[in-house]
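Notes follow the structure.
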Amino acid sequence: MLGETYSQPTRQAGFTLVEIMIVVAIITLLAALAIPGILRARKRAQASRVKDDLRLIEAAVDQYAIETQRQPGSVVSVSDWTAYLKTETQLCTTGKDVLGHDFGPQTVDQIPIVPSETYAALADVADDGFWSPFAP
210 MLGETYSQPT RQAGFTLVEI MIVVAIITLL AALAIPGILR ARKRAQASRV
260 KDDLRLIEAA VDQYAIETQR QPGSVVSVSD WTAYLKTETQ LCTTGKDVLG
310 HDFGPQTVDQ IPIVPSETYA ALADVADDGF WSPFAP
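Count along the sequence shown from 1, then add 209; that gives the number in the numbering used here.
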């Protein structure tokens with residue numbers, strides 16, 4: 210028995226099934242906590258975009274009314290007020306908000322209002338105070 214060496218069995222590096230399942234469970238838990246916050250932030254950003262679009266529409270209608278000498282109460286079609294917006298933007302090309310709802314014709318010297326469908330869709334993140342002065 211001289212000269213014989215005993216080698217220890219080598220252990221291969223890796224993770225056990227239990228370790229992998231624990232990591233997956235932790236990742237799932239973190240995702241479950243983060244996703245509602247991410248979705249809420251997305252809706253809040255959409256609401257801010259709609260409010261910014263309403264400000265742009267108000268300015269575009271005012272500019273149109275000044276240049277064409279329209280009287281208060283005159284109706285301005287979508288094609289007329291979109292002509293006063295930056296070209297190649299979604300608002301200019303479609304006249305719709307980020308959710309695809311139409312802003313429609315506007316009235317000179319009246320504040321545009323948020324489309325009712327958009328208001329309902331974003332009601333959980335944007336109340337009347339947020340939409341002021343554009344609330345329906």
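Think of the CB as a built atom: it goes at the ideal place given N, C-alpha and C, for glycine as much as any other residue.
According to DSSP, is residue i part of a helix, a strand, or is it coil?
{"i": "T237", "result": "helix"}
{"i": "V307", "result": "coil"}
{"i": "Q280", "result": "coil"}
{"i": "T225", "result": "coil"}
{"i": "Q315", "result": "strand"}
{"i": "V334", "result": "coil"}
{"i": "T302", "result": "helix"}
{"i": "L294", "result": "coil"}
{"i": "A243", "result": "helix"}
{"i": "A344", "result": "coil"}
{"i": "I351", "result": "Since the displayed the chain opens at 210 and closes at 345, residue 351 lies outside it and no answer follows."}
Go to residue i, then tell me how far its alpha helix (DSSP H) extends in each direction, as first and last residue.
{"i": "Y328", "result": "325-330"}
{"i": "D337", "result": "337-340"}
{"i": "S288", "result": "287-291"}
Measuring CB to CB, does residue i end up less than 7 Å from residue j?
{"i": "P306", "j": "T327", "result": "Before going on, a small fix: residue 306 reads as Asp here, not Pro. Closer than 7 Å, so yes."}
{"i": "V285", "j": "Q315", "result": "yes"}
{"i": "I322", "j": "P345", "result": "yes"}
{"i": "S283", "j": "V317", "result": "yes"}
{"i": "V270", "j": "W290", "result": "yes"}
{"i": "L308", "j": "L300", "result": "no"}
Any heavy atom of the ligand MN within a distance shorter than 6 Å of the CB on residue i?
{"i": "L308", "result": "This structure does not include the ligand MN; it has no bound ligands of any sort."}
For residue i, does the count of other Cβ atoms within 10 angstroms reach 16, so buried, or fall short, so exposed?
{"i": "I235", "result": "exposed"}
{"i": "G304", "result": "buried"}
**Three or more C-beta pairs below 8 Å linking the region 226-236 and the region 276-294** = Under the three-pair Cβ rule at 8 Å, the region 226-236 does not count as touching the region 276-294.
**Asked** Just checking, does the region 325-343 make contact with the region 243-260 on the three C-beta pairs under 8 Å criterion?
**Response** Three or more beta-carbon pairs drawn from the region 325-343 and the region 243-260 are found closer than 8 Å, and the two stretches are therefore classed as touching.
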